[in-house]
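Q:
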Amino acid sequence: MSDSRLQEALNTLKESGVRITPQRHAVLEYLIKSMSHPTADEIYKALEGKFPNMSVATVYNNLRVFRDIGLVRELTYGDSSSRFDCNTENHYHIICEKCGKIVDFHYPSLDEVESLAEQVTGFDVTHHRMEVYGICEDCKKKEQH
Ligand SMILES: [Zn+2]
Ligand SMILES: [Zn+2]
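To convert a position in the sequence shown, counted from 1, into the numbering used here, add 31.
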């Protein structure tokens, strides 16, 4: 399953004329296999053993390339560290207030919110973002000990 997603992503890179370097391959593979929403720093730490010459800035630049061709989404939460999401289908996020973990969940897109917002404000709406917050299962278990 994740192998075919990786292959698809690599094809998209090729079609966009982006050179597939070993580092880009590794960053993409990490994003797809981890199924989490890592920061550039987390990816860097996971791969620095394999690529001793790679810097956080390189990882970030690669992520920007992926973002610009629509392979990943960049999620910003008002702090300095963006998170990257390789699930580009429409979905919502639930975020753990204790450990910061972000989990995907699917819910029919709330399109009516967008049309209502347009009617009420006169804006041209481009997209919306919704996050749900709580305590994840792992953190709940830890609290019980
Ligand atoms: Zn948690
Ligand atoms: Zn996501």
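C-beta atoms are modelled at their ideal positions from N, C-alpha and C, and glycine is treated no differently.
#1: Between which two residues does the alpha helix (DSSP H) containing HIS56 stretch?
#2: If we ignore side chains and look at the alpha-carbon of each, how far apart do ARG104 and ASN118 end up?
#3: Can you give me the Cβ contacts of HIS122 inside the same chain, cut-off strictly under 6 Å, excluding the 5 residues immediately before and after it?
#4: Taking all protein chains shown into account, decide if ILE63 is buried (16 or more other Cβ within 10 angstroms of its Cβ) or exposed.
#5: Please state if the CB of GLU60 and the CB of LEU37 are separated by a distance shorter than 8 Å.
#6: Quick one: residues with CB closer than 7 Å to any heavy atom of ligand 2, in chain order, please.
#7: To which residues of the same chain is VAL163 closer than 6 Å at the C-beta, ignoring the five residues directly before and after it?
#8: Report the three-state DSSP secondary structure of LEU218 (helix, strand or coil).
A: Checking against the coordinates, here is how it stands:
#1: 53 to 65
#2: For ARG104 and ASN118, the distance between alpha carbons rounds to 8 Å.
#3: ASP135, HIS137
#4: With 16 or more other Cβ atoms from the protein chains shown falling within 10 Å of its own Cβ, ILE63 counts as buried.
#5: yes
#6: HIS68, ASP116, ASN118, HIS122, HIS124, ILE133, ASP135
#7: ILE125
#8: The structure shown does not extend to residue 218, since the chain is modelled only from 32 to 176, so the question has no answer here.
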